[in-house]
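Below you can see the structure in the form of C-alpha cells.
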C-alpha cells in the first residue's frame with residue numbers, strides 16, 4: 007500500500023466503494039500503524055460533472071468508469087479492510103485532489 011493507491015473498501019454507510027489512500031508512504035508501509043487516511047469515491051452518472059467538493063477519476067487511474075472522489079471528508083480506515091487494488095491516481099489528478107482539499111477544508115496555505 008502506498009500514498010495515492012486506490013483500493014476497494016467496505017464503508018459502513020456507503021457500502022463497498024473505491025478509496026484513495028492519502029496517508030504518506032511511511033505510514034502506509036509501517037506494520038505497527040493499523041490505520042490510514044483515505045478519501046471515499048463514488049460512481050458518477052455520465053451526465054453530471056463534479057460537485058464543488060469532488061474531483062474526477064477514471065480509467066487512467068485504474069477505475070472501470072468515471073468516478074468522483076470526495077475531497078471534503080477524510081476517513082481513518084483500518085489497513086486490514088482494504089482489498090482489490092484498482093490503480094494509482096495520476097500525477098495531475100493528485101495535484102487537483104490536493105488543491106480541492108485545501109479549498110473545501112479551507113486550509114490556510116499562506117501566512118498573513
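Numbering (the working numbering), first residue to last: 7 to 118. We put the CB at the ideal spot given by N, CA and C, even for glycine.
Pair within 9 Å by beta-carbon distance, residue i and residue j
i: residue 10; j: residue 105; result: no
i: residue 75; j: residue 113; result: no
i: residue 141; j: residue 28; result: The question about residue 141 has no answer here: the residues shown for the chain are numbered 7 through 118.
i: residue 67; j: residue 42; result: no
i: residue 34; j: residue 59; result: no
Closest by C-alpha distance to residue i, when choosing among the options
i: residue 15; options: 86, 116, 109; result: 86
i: residue 90; options: 17, 20, 24; result: 24
i: residue 73; options: 62, 81, 35; result: 62
i: residue 84; options: 95, 40, 59, 31; result: 40
i: residue 37; options: 17, 55, 7, 116; result: 7
i: residue 18; options: 111, 102, 82; result: 82
Those residues which DSSP pairs with residue i across a bridge
i: residue 94; result: 11
i: residue 22; result: 16
i: residue 84; result: 41
i: residue 49; result: 73
i: residue 89; result: 14
Secondary structure of residue i, DSSP reduced to three states
i: residue 59; result: coil
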